[in-house]
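Since the structure comes first, as structure tokens, the remarks are kept for the end.
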Amino acid sequence: MSSWIFKVIVAGAGGVGKTAMVTRYCTGRFEEGYKMTIGAGFHTKSETLDSGESVKMQLWDFAGEKRFRELLPDYCKGASGGLICFDITDYDTFRDIPVWLKIIRQKAGFIPIILMGMKWDLGNHEVDFEIANEYALKAKCNQCVFT
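Under the numbering used here, think of the first position of the sequence shown as 1, with each following residue one higher.
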């Protein structure tokens with residue numbers, strides 16, 4: 001059977017839950033507390049499709065703080081897809097999406113991108129799904145998901 005490797009960029013403002021989401025996906029564990037990513041984190045996850053083909057996801061988890069943004073363009077080259085994460089309890093993180101989108105599209109081309117609204121389980125949502133989904137359609141992102 002064939003095997004595939006996909007490089008996925010995980011970007012978004014600091015503290016939105018990128019590392020927690022990637023860690024949960026790759027290990028099944030949810031880690032409490034916030035530990036700032038310095039530069040970028042690298043994680044892998046292998047899956048077997050129904051067809052029997054093997055898929056290896058390389059997840060590049062980028063620090064969201066402005067001082068690390070200059071690193072992102074170099075890592076975007078060769079990416080197969082992107083996740084742009086925002087905190088639905090903090091509208092400013094949603095407002096940052098165009099910055100992340102521009103960096104990824106300039107360096108990786110028109111790859112599939114999913115907008116990820118994080119922290120659904122918390123109250124006081126400042127971004128509702130309809131607004132985020134409408135933006136995703138306008139920005140030609142493939143999907144918007146709240147988690």
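Heads up, the beta-carbon is just placed ideally off N, CA and C, and yes, glycines get one too.
{"Query": "Cα-Cα separation between ALA136 and PRO112, rounded to whole angstroms", "Result": "12 Å"}
{"Query": "Helix, strand or coil at GLU31 [DSSP, three-state]", "Result": "coil"}
{"Query": "Supposed contact pair ALA11 and PHE62 - C-beta distance, whole angstroms, cut 8 Å", "Result": "5 Å"}
{"Query": "Reference VAL8; option with closest CA among THR37, GLU31, LEU59", "Result": "LEU59"}
{"Query": "DSSP three-state assignment for ALA63, whether helix, strand or coil", "Result": "coil"}
{"Query": "Coil, strand or helix - LEU137 by DSSP", "Result": "helix"}
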